[in-house]
Structure formats: structure tokens, C-alpha cells
Amino acid sequence: MDTALRGRRVLLVIGGGIAAYKSLDLIRRLRDAGAAVRVVMTAGAREFVTPLAAAALSGEKTYSDLFDGEDEAAIGHIRLARDADCVVVAPATANLMARMANGIADDLATAVLLATRLPILIAPAMNPAMWTHPATRRNLATLRADGVHVVGPGVGAMAESESGAGRMSEPLEIVAAAQALFAPGEGPLAGRRVLVTSGPTHEPIDPVRYVANRSSGRQGHAIAAAAARAGAAVTLVSGPVNLPDPPGVAVVHVETAREMEAAVRVALPCEIAIFAAAVADWRPARESGRKIKKDGAAPPPLALAENPDILAGVSAMETGRPALVVGFAAETNDVIENARAKRLRKGCDLIVANDVSQESGVAGGVMGGARNAVHLVDEAGVESWPEMDKEAVAERLVAALAARLSGREGGA
Ligand code: C5P
Numbered sequence: 002m003d004t005a006l007r008g009r010r011v012l013l014v015i016g017g018g019i020a021a022y023k024s025l026d027l028i029r030r031l032r033d034a035g036a037a038v039r040v041v042m043t044a045g046a047r048e049f050v051t052p053l054a055a056a057a058l059s060g061e062k063t064y065s066d067l068f069d070g071e072d073e074a075a076i077g078h079i080r081l082a083r084d085a086d087c088v089v090v091a092p093a094t095a096n097l098m099a100r101m102a103n104g105i106a107d108d109l110a111t112a113v114l115l116a117t118r119l120p121i122l123i124a125p126a127m128n129p130a131m132w133t134h135p136a137t138r139r140n141l142a143t144l145r146a147d148g149v150h151v152v153g154p155g156v157g158a159m160a161e162s163e164s165g166a167g168r169m170s171e172p173l174e175i176v177a178a179a180q181a182l183f184a185p186g187e188g189p190l191a192g193r194r195v196l197v198t199s200g201p202t203h204e205p206i207d208p209v210r211y212v213a214n215r216s217s218g219r220q221g222h223a224i225a226a227a228a229a230r231a232g233a234a235v236t237l238v239s240g241p242v243n244l245p246d247p248p249g250v251a252v253v254h255v256e257t258a259r260e261m262e263a264a265v266r267v268a269l270p271c272e273i274a275i276f277a278a279a280v281a282d283w284r285p286a287r288e289s290g291r292k293i294k295k296d297g298a299a300p301p302p303l304a305l306a307e308n309p310d311i312l313a314g315v316s317a318m319e320t321g322r323p324a325l326v327v328g329f330a331a332e333t334n335d336v337i338e339n340a341r342a343k344r345l346r347k348g349c350d351l352i353v354a355n356d357v358s359q360e361s362g363v364a365g366g367v368m369g370g371a372r373n374a375v376h377l378v379d380e381a382g383v384e385s386w387p388e389m390d391k392e393a394v395a396e397r398l399v400a401a402l403a404a405r406l407s408g409r410e411g412g413a
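Positions in the sequence shown are counted from 1; adding 1 to them yields this note's numbering.
Written out as C-alpha cells, the structure is:
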């Protein structure tokens, strides 16, 4: 018997479709597979099945109203979004999928779906005309790109004596898809923990102003995604970026260097730590609690204080140091020479160096651009890679790190 759901907590969101009656059976099947089930229903779902039936089968109160003081007092929607191991949406109606794809949170179910960072599995169920409509196609593509897992729908007889694609998968198929969310990964980093930092940091001057840099987070996010694809359990500590969270990655959002350092410490231990963030070296020495007024004649002085060096701190750990610590170096001149010196200064195993000068020749510039040309600098020497997409750099870097890790463990 598959034990992947044993002891797992499943948050089941029941949408408003006729297939909701099958979701009652799904509760029982999930529990048979060893999971604890908590149910959230949309208003539409309540037209098809009762909260009482779901509560009787799950053994827990059923939640349905975002603005119900009693529900919020018992357990807020943010806690509902966190206190589980995965979210299953069944049936995922066309309307529910559309709201999810657009980040609409106008009831408890969608507020929870927007607030959660847990793996989400949807079991679409709708009439074939709705399933094949271009709007649903677009929404499905968006949800997939956001990392949402999909089971079904099946083809067959539908409630309205129609037939075609749109029929919700059977409860046991949904259970199997939920189990697959927890199956041990495959790939060169299966069973490994990888930590990645990405993006800039914002260092506040006052409540409305901050010091920052041009990092987009594209390279770091691509590395986190590639490590997840290679089977690793990945934590991405990200500064403020305009990028979606990579699929299958646990993302911790931070603003400042000091928050980033704290989040990194929480995410340890891990086997590989990759510090791709452009951490601000300095922060305003004093953060004003109020907006600084422009009423004086002279501009206010901006005194700076040094931020913690997260990479150097982790590299110097005496116990629990990751087996591979990787730093990045953005240089505008003497790239390799500076990277060599930086590797020794920081105490890391490897430096990924890139030329961020305007003259680097990389189309669009490296900072914020889509492409990168890097040099890998380690104790043995330098390996220079040709210019390529940041995704390709990420893929190749992850493969190189996986090989190094297993080489070390093999005593090489
Ligand atoms: O010293 P520099 O900022 O050039 O070093 C870059 C490398 O160090 C990057 O890997 C970056 O993520 C890391 N770093 C850090 N904490 C800092 C500054 C840089 O982790 N405060």
C-alpha cells in the first residue's frame, strides 16, 4: 500500500459543481490512505453537498465563510493556508480555476488558495464546452505555469447527459495524484536539500524610501527551479522581485539583508547553498520611523552601516556547514582575478563570476537581462562558459554541483 499520505494533512477545497458529491467519497478515501482532511467549501459547493456531511466524514469542522467571525476566530484563513501539507481542489470548476489563475480572493476558498505556498493539486470538473473554451485553456496554462498540479479531467458521461472531456477524476485517481506529490523525487539531487538566495535587498531609509540595486532575481530563481527539477528539496530566500515563485520550491520572501540572513539560518542545514542574491553591502545606519521631510534647506546626510555578509558567515560555520557553498561575483573589471580573491576572502568552495559592465557584450546587460556569461572559479582553476540564457546557466550549474557533491562523497 502507498504510504505517501500517511500522517499528511490535506486541505480539501470543494468547488461548486455536481461532482462535489464525489468529493465526499474523496474525503473518506484520503483518510483511508492515512491523511487527515480539513475541508473548505465554496458557497456553490454548499448547494450540492452540506458542510455537515463533510464534517461528519472528515471528523473536523468544515470552513466556508471568509467573513464569519466564528470561523476566523477558530482558525484564520492564513492559518488554514499554512496548517496542511498540501491543498487538493476537487471539483475545480471553471469559475474556481479562473479565480485561481487571476489571483482573485473573494471568498474563503480563494483567499486560502492565494495565501498558500503549499503544493496544490486540482481536479477540474466541468461541462466539455467550458473545458475546451479558450478562456479555460488559458487559465489552465497559467495555473500550470504557477506550479499547480492537475489530475484529469476524464472523458465520459456527464451529468447533463453529455459526453466529452470534463468529468472529474475518480476519488482513487485523485488520491493517487495526491500521493505523487509526496513521492521521493528522482534526479541527480533527489533527497538533497538546497538553499538559494536571490534578488536584491531593500534597505529602508524611512517608511517610503530605501536603498536597493538592479538585481532582478532571474538567475537565482532559475537556479532554484533547476535544483527542484533535479529532485532537490529547495528553499529559496528571495528579496523583493517581480517574478513568480518557482514551482515546487519553498519560497521565503524577505526585504532586508538582515532578514535574509535570519531566513538563511532557519533554512539550514542543507547540502548545497547557493548565494545568488545581490545583498546590499550597506544599509542606512539609522532608519527613520517617519518619512523624512523635505523642509530643511540641506539634504539630510545618509550615513551607512555594514550589513552582515551572509555568504562569508555560512562559509565559516564550524558545525553544520553545507558541503558545497557557492558565491556569486558581479564584477565590472578584472573579473577572474577578483573572483579568485573573493573566493578566498569569503571562504566558499566556488565562485560563479560574471561581468556586469556595460562593455561585457552580453545582450541586454547581465543585471536584469535574460542572458549571462559566467566563469566558475574554484581551488582547481577557472572554467569559462559561453554566453547563454540564465535558465541554461542554472541547469548547467545545478548539474555541475550535483556531480561535485557525489564526487566528494565518493572520496574523489
Ligand atoms: O562582496 P560581494 O557582494 O561582491 O559578494 C557577492 C557574493 O556574496 C554573492 O554570492 C552574494 O550573495 C554574497 N553576499 C552575501 N551577503 C552580503 C554580501 C554579499 O551573502 N552582505
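Every residue gets a Cβ at the ideal spot worked out from N, C-alpha and C, and that includes glycine. Only a predicted model underlies this, so the values are computations on that prediction, with no experimental measurement involved.
- Of the candidates Ala258, Gly370, Asn103, Pro172, Asn103 places its Cα closest to the Cα of aspartate 147.
- Listed in chain order, the non-local C-beta contacts of phenylalanine 49 below 8 Å within the same chain comprise Gly17, Gly18, Ile19, Ala21, Tyr22, local neighbours out to five positions each way being set aside.
- Going by DSSP, aspartate 379 is part of the beta strand (DSSP E) stretching over 375 to 379.
- In this structure, methionine 131 sits near alanine 95, with a CB-CB distance shorter than 7 Å.
- The beta carbon of leucine 58 sits closer than 7 Å to those of Leu25, Ile28, Arg29, all from its chain and outside the five residues before and after it, given in chain order.
- The alpha-carbon of proline 387 is positioned some 13 Å away from that of alanine 395.
- DSSP places isoleucine 105 outside both helix and strand once states are collapsed to three, so it counts as coil.
- Counting every other CB atom within 10 Å of its CB across the protein chains shown gives glycine 297 a total below 16, marking it as exposed.
- For leucine 6, there is no enclosing alpha helix (DSSP H), as DSSP gives it neither H nor E.
- In this structure the segment 379 to 386 does not touch the segment 245 to 259; the number of beta carbon pairs closer than 8 Å is below three.
- Per DSSP, leucine 305 is one residue of the beta strand (DSSP E) stretching across 305 to 307.
- Sorted by position in the chain, Phe276, Ala278, Val280, Asn308, Asp310, Ile311, Leu312, Gly328, Phe329 make up the residues whose C-beta lies under 5 Å from a heavy atom of the ligand C5P.
- Aspartate 282 and glutamate 260 do not touch by the CB rule: their CB atoms are close to 16 Å apart, not below 8 Å.
- Beta-carbon to beta-carbon, leucine 122 and valine 89 are separated by about 5 Å, close enough to satisfy the 8 Å threshold.
- The straight-line gap separating the alpha-carbon atoms of asparagine 355 and leucine 377 is approximately 9 Å.
- Counting only unbroken stretches of 4 or more residues, the alpha helix (DSSP H) elements lying wholly within the segment 243 to 310 are 258 to 268, in sequence order.
- Excluding five sequence positions before and after alanine 36, the CB atoms of its chain that fall closer than 6 Å to its own CB belong to Leu6, Arg9, Val11, given in chain order.
- Contact annotation: the segment 289 to 305 does not touch the segment 339 to 352, with fewer than three C-beta pairs closer than 8 Å.
- Contact annotation: the segment 268 to 277 touches the segment 322 to 330, with at least three C-beta pairs closer than 8 Å.
- Of the candidates Arg83, Leu81, Val152, Arg118, Val152 places its Cα closest to the Cα of alanine 93.
- If the five residues before and after histidine 222 are omitted, its C-beta is found closer than 6 Å to the C-beta atoms of Ser199, Leu244, Pro247, all from its own chain and listed in chain order.
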